[in-house]
Amino acid sequence: MKALKVFGFIILILIAIFLIIPLFLADSVTISSEKTIQAKPAAVFQQVNLLRNWKNWSPFETDTTMVDTYEGPEAGVGAKRTWSGKKSGNGSLTIIESEPYNMIRTQLEFGDEGSSATGTWNLNETEEGVRVVWAIHIADLRYPFERWYGLMSKSVMKPLMEQGLTTLKTVAEAKPVVDIKVIDLDAQPSLAILDSTTIDGIGEMLGRSYGAIMGYIMEKQIAMTGLPFAVYYNWDPDGIIVIRAGVPVAEGTKGHGNIEYFELPAGKAVFAKHFGGYDTGATHYAIDDYMKANKIEGNNYIWEVYVTDPSTEPDTAKWETDIYYPLK
3 MKALKVFGFI
13 ILILIAIFLI
23 IPLFLADSVT
33 ISSEKTIQAK
43 PAAVFQQVNL
53 LRNWKNWSPF
63 ETDTTMVDTY
73 EGPEAGVGAK
83 RTWSGKKSGN
93 GSLTIIESEP
103 YNMIRTQLEF
113 GDEGSSATGT
123 WNLNETEEGV
133 RVVWAIHIAD
143 LRYPFERWYG
153 LMSKSVMKPL
163 MEQGLTTLKT
173 VAEAKPVVDI
183 KVIDLDAQPS
193 LAILDSTTID
203 GIGEMLGRSY
213 GAIMGYIMEK
223 QIAMTGLPFA
233 VYYNWDPDGI
243 IVIRAGVPVA
253 EGTKGHGNIE
263 YFELPAGKAV
273 FAKHFGGYDT
283 GATHYAIDDY
293 MKANKIEGNN
303 YIWEVYVTDP
313 STEPDTAKWE
323 TDIYYPLK
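Going by the numbering used here, the sequence shown opens with residue 3, and the numbers climb by one from there.
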């Protein structure tokens, strides 16, 4: 009986400790980790700002059952990743602020627990490289359980964040940085076809348009003066995209039917080369970040020039696409 009383007394003490200590614990916690990465700020920024890149370095990717879905833009403010997995549970990550090459802020929602956290990335260029500070802030910790979680979270989360930054360092330092610059362009006369399609039909539409233009050029024995290009007047992954496919020719060349004479305008443009398949999205996002960082205002259309003929070069890694963003 005495032993039972002692046991009960110990249980009461433990309960008291469990309930009293959280009264003195903070209702918020911030965990941070930092690392210097010997790479350009753009290389680091693109790994965080483009949510699909998180799979390259994130320490929270160990759940092989995890299923991801993406909403909104692929990068920057509004980009959202939602996941579901047996180990990782349900949750989402949304970019709520994005300042190219300097700062990114994210909102993290844990679906199963109904709790949330804010993530902040600060990038500062130094002589040694880019100093990256990754912080996670959890606020409004409820009494008593979540306050205990806040107390223990640093010992759990900090090693994972350090692991993630170490992997990010490896990825960013190995990744070539897109060379982006502002150039001057002369006007480019061409023969072109204006058409529209969905995102899945771009390849077929361009092939059809180039075939018609090349057939006309051969029939009329017109000399080409440059490489095929495509002007994109909008980008709507879920709707209709308006595209002008063209082939450079001499000034004043006459078209026929839907094959029209068209000139790419002279002026300044932001220019970058993309190497790889025709999935040029990452390079476009890099250009967008560059323009935001340098406060450059572009026009409401862009164009791509397809330098490499895939019928003569089987290695997609060697395919070159030149991308132009004309400035206002």
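Even for Gly, the Cβ is constructed at its ideal location relative to N, Cα and C.
Check your understanding: Along the chain, which unbroken stretches of the alpha helix (DSSP H) at least 4 residues long are found entirely within the segment 268–313?
Key -> 283–295
Review point. For Tyr72, which beta-bridge partners are listed by DSSP?
Key: The beta-bridge partner set that DSSP reports for Tyr72 consists of Arg83.
Review point. For Met220, is the classification buried or exposed, using 16 other Cβ atoms within 10 angstroms of its Cβ as the cut-off for buried?
Key: exposed
Review point. Is Leu162 helix, strand or coil when you go by DSSP?
Key: helix
Point to revise | Ile245 burial status per 10 Å Cβ neighbour count (16 or more: buried) | key: buried
Review point. The beta strand (DSSP E) with Ser192 in it runs from where to where?
Key: Gln190 to Thr199
Point to revise | First through last residue of the alpha helix (DSSP H) which encompasses Lys256 | key: Unbroken run through Lys256: none, as it is neither H nor E.
Practice item. In angstroms with no decimal places, state the Cα-to-Cα distance between Ile39 and Pro178. Key: Near 14 Å, if we compare the C-alpha coordinates of Pro178 and Ile39.
Point to revise | As assigned by DSSP and simplified to three states, the class of Pro24 | key: Any reading at Pro24 must be qualified, since the residue scores a pLDDT of 47, below 50, and its modelled position is unreliable; the value itself is stated next. Three-state result, Pro24: helix.
Exercise for review: Could you have a look at Ser117 and say whether DSSP puts it in helix, strand or coil?
Suggested key: Three-state result, Ser117: strand.
Review point. What residues in its chain sit with their C-beta under 8 Å from that of Pro347, if we drop five residues either side in the sequence?
Key: Lying before the first or after the last residue shown, residue 347 is absent from the chain, which here runs from 3 to 330.
Practice item. Inspect the CB distances between the segment 197–208 and the segment 268–277 and report whether three or more fall short of 8 Å. Key: Short answer: they don't touch.
**Study point:** Beta carbon of Val251 nearer than 7 Å to that of Leu193
**Key:** yes
**Study point:** The beta strand (DSSP E) enclosing Glu36, as first and last residue numbers
**Key:** Val31 to Ile39
Practice item. Output the distance between the C-alpha atoms of Thr169 and Val184, rounded to the nearest integer angstrom. Key: 32 Å
**Study point:** Member of Tyr280, Asp281, His286 and Thr227 whose CA lies at the smallest distance from the CA of Ala274
**Key:** His286
Review point. Should Trp59 and Val134 be called a contact, given that it needs their Cβ atoms to be closer than 7 Å?
Key: No.
Check your understanding: For Tyr308, which of Thr282, Met159, Trp237 and Ser117 has the nearest alpha-carbon?
Key -> Thr282
Exercise for review: Using the DSSP secondary-structure output, state which residues sit across from Lys183 in a beta bridge.
Suggested key: Phe273
Check your understanding: If we ignore side chains and look at the alpha-carbon of each, how far apart do Pro239 and Ile98 end up?
Key -> So the alpha carbons of these two residues sit roughly 21 Å apart.
Check your understanding: By how many angstroms is the C-alpha of Tyr280 removed from the C-alpha of Trp85?
Key -> 27 Å
Exercise for review: Since I believe Tyr103 is in contact with Val295 (beta carbons under 8 Å), could you give me their beta-carbon distance rounded to a whole number of angstroms?
Suggested key: For clarity, residue 295 is Ala in the given sequence; the question names Val instead. Taking a contact as a CB-CB distance under 8 Å, the pair Ala295 and Tyr103 counts as one, their CB atoms being some 5 Å apart.
Practice item. Alpha carbon to alpha carbon, how far is Leu52 from Tyr303? Give it in angstroms, no decimals. Key: 22 Å
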